[in-house]
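Worksheet: one structure, shown below.
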Amino acid sequence: MYRENTKVIRIGDRVIGGGNPILIQSMTNTKTEDVEATVAQILALEKAGCEIIRSTVPTTEAAKALGEIKKRIHIPIVADIHFDYRMAIAAIENGADKIRINPGNIGSAEKVQAVVDKAKEYGVPIRVGVNSGSLEKNLIEKYGKVTAEGLVESALDKVKMIEEMGYDNLVVSIKSSDVLMCVRAHELLAPQCPYPLHVGITEAGTVYSGNIKSAIGLGIILHEGIGDTIRVSLTGDPVNEIASAKQILRTLGLRQGGIEVVSCPTCGRTNIDLISLANEVEKMVTEFDHLNIKVAVMGCVVNGPGEAREADIGIAGGVGEGLLIKKGEIVRKVPEAELLSTLREELANWK
Ligand code: SF4
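Under the working numbering, the residues of the sequence shown are numbered 15 to 365, in order.
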């Protein structure tokens, strides 16, 4: 298990690496300069279960805003830096808990050294991020195209460069929108990298395709014991990313807690609007992340109770009404309109 053996790195008040729980990250899509909008989005992400947030810092104004934002949120904030090393320095001075840079696009070694010195002074970890879209020309030429081998070589070069500058408070990420290339790159990198790995499939796509690509890519990588923090990248409201990340971790047995919803696919026996109900239940149960139980949402009273036997609690639709079921036993009948609220009440009083 690679993640048991990565270096322990502190990001604000969180700790990653060395077998610590895998943390869920996301990234704001507001203008970081807009403190109100960014804080609102981060608070919504926190509520959904985001554990580390990253915001872009392209301007001095954004770096200053970071300081204001930090005062009003409760999770570590990572400054995402591209090209301008002065933004990295400003972000650290304004309280960034970690910075993400690609030393390849920061410029000269002196500029990278200046960032490293500032990070060292403040004890702020640096995430060395390599992306398939910005792989160096010489590595593309060496390998004939963008390859997993090229990405790994690029990441290890950057890590070595920073180590030689006297800093090892590092996290590494390699991202590619090609799922299999991303998997291969992690398989090659993990045995050679002592630092925690942040894992994500970049530019994964919309909620539909992004979820599938992320579930496959992150699923394989995490199941191979690789990865200390994750991000599911989706084109859309970042809050959607959190539920997906949680679901991936739970499915792999890498996170306990939270309600698992099972629902039937519906068939000709369904007489209630089960599809809407199942979607509403899935949203509603996120309020009860402290419960570690299974909830079934079944379409009919004929097979529903039996099929829901594996669940701790469930509902099964009838005609204009449904059944409340616990451990496969029918508890009582409930009007269709009250099924969701009844379930919520049961969960609120769950012992
Ligand atoms: S639980 Fe009932 S409605 Fe749902 S798929 Fe099974 S038989 Fe059909």
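Just so you know, even glycine gets a beta-carbon here, dropped at the ideal spot from N, CA and C.
All of these numbers come straight from a predicted model, not from anything done at the bench.
Take residue i and list the residues in its own chain whose beta-carbon comes closer than 7 Å to its own, dropping the five residues that flank it on each side.
i	result
Glu-135	none
Ala-169	Val-142, Val-144, Val-186, Ile-188 and Leu-203
Ala-325	Val-276, Lys-308, Val-309 and Ala-310
Quick check: the Cα distance between residue i and residue j, rounded to an integer number of angstroms?
i	j	result
Ala-351	Leu-337	12 Å
Thr-70	Asn-306	35 Å
Ile-235	Val-345	43 Å
Ser-122	Lys-365	60 Å
Val-173	Lys-260	29 Å
Val-299	Ala-322	17 Å
Val-138	Lys-132	8 Å
Val-315	Thr-73	59 Å
Ala-102	Gly-81	13 Å
Lys-78	Lys-84	10 Å
Ile-154	Glu-163	10 Å
Pro-319	Gly-224	34 Å
Lys-341	Leu-361	14 Å
Pro-117	Ala-104	16 Å
For residue i, tell me which candidate among the options has the shortest Cα-Cα distance.
i	options	result
Glu-301	Glu-124, Ile-66, Thr-74 and Ala-58	Ala-58
Val-333	Pro-252, Glu-82, Gln-206 and Ile-286	Ile-286
Lys-227	Val-166, Ser-191 and Tyr-209	Ser-191
Glu-50	Ile-87, Thr-73 and Ser-148	Ile-87
Ala-199	Glu-167, Leu-184, Asp-171 and Glu-178	Glu-167
Ile-230	Thr-356, Thr-161 and Thr-265	Thr-265
Tyr-209	Ala-162, Leu-232, Asn-225 and Ile-176	Ile-176
Ile-273	Asp-303, Glu-18 and Glu-178	Asp-303
Val-253	Thr-44, Gly-32 and Glu-18	Thr-44
Glu-201	Asn-183, Asn-225, Leu-232 and Gly-63	Leu-232
Asp-242	Ile-120, Ser-223 and Arg-269	Arg-269
Ala-292	Met-15, Thr-161, Ile-329 and Ala-54	Ile-329
Gly-282	Ile-262, Gly-267 and Asn-317	Asn-317
Leu-184	Leu-37, Lys-341 and Leu-211	Leu-211
Arg-245	His-237, Ser-258 and Glu-238	Ser-258
Arg-358	Met-41, Glu-294 and Asp-27	Glu-294
Ordered along the chain, which non-local residues of its own chain (more than five positions away) have a Cβ less than 6 Å from that of residue i?
i	result
Gly-313	Cys-278, Thr-280, Thr-284, Leu-288 and Gly-331
Glu-75	Glu-47
Asp-250	The question names Asp, but residue 250 in the sequence shown is Gly. Result list for Gly-250: Val-221, in chain order.
Pro-349	Glu-335
Looking only at its own chain, which residues have a Cβ that is under 8 Å from the Cβ of residue i, when we skip the five neighbours before and after it?
i	result
Val-29	Val-22 and Ile-23
Val-92	Ile-25, Gln-39, Ile-66, Ile-67, Arg-68, Ser-69, Ala-110, Asp-111, Lys-112, Ile-113, Arg-114 and Arg-141
Leu-206	Checking the displayed sequence, the identity of residue 206 turns out to be Gln instead of Leu. Hits under 8 Å: Val-166 and Leu-170.
His-237	Leu-266
State the start and end residues of the unbroken beta strand (DSSP E) segment that holds residue i.
i	result
Asp-94	91-94
Thr-3	Not covered by the structure: residue 3. The range shown for the chain is 15 to 365.
Thr-70	66-70
Ser-187	184-189
Leu-338	335-340
Gly-331	327-331
Gly-214	211-215
Asn-45	Inspection of the sequence shows that residue 45 is occupied by Lys rather than by Asn. Here Lys-45 belongs to no beta strand (DSSP E), and DSSP marks it neither H nor E.
The alpha helix (DSSP H) that contains residue i, what's its start and end?
i	result
Ser-40	Looking at the DSSP string, Ser-40 is not in any alpha helix (DSSP H); the run it does join, the beta strand (DSSP E), is 37-41.
His-200	193-203
Asn-152	151-157
Leu-266	Careful: Leu-266 lies outside any alpha helix (DSSP H) and carries neither H nor E.
Leu-232	221-237
Ala-54	49-62
Lys-308	Here Lys-308 belongs to no alpha helix (DSSP H); instead the beta strand (DSSP E) covers 308-312.
Pro-13	Outside the shown range of the chain, which is 15 to 365, sits residue 13, and nothing can be said about it.
Using 8 Å for Cβ pairs, my map puts residue i next to residue j. What's the rounded Cβ distance?
i	j	result
Tyr-99	Val-129	5 Å
Glu-296	Ser-247	In fact, because the Cβ distance is near 21 Å, the residues do not count as touching under 8 Å.
Val-213	Ile-256	Rounded, the Cβ-Cβ distance is 15 Å, inconsistent with contact.
Asn-119	Ser-148	6 Å
Cys-64	Ile-95	Their Cβ separation, rounded to whole angstroms, is 20 Å, which puts Cys-64 and Ile-95 out of contact at 8 Å.
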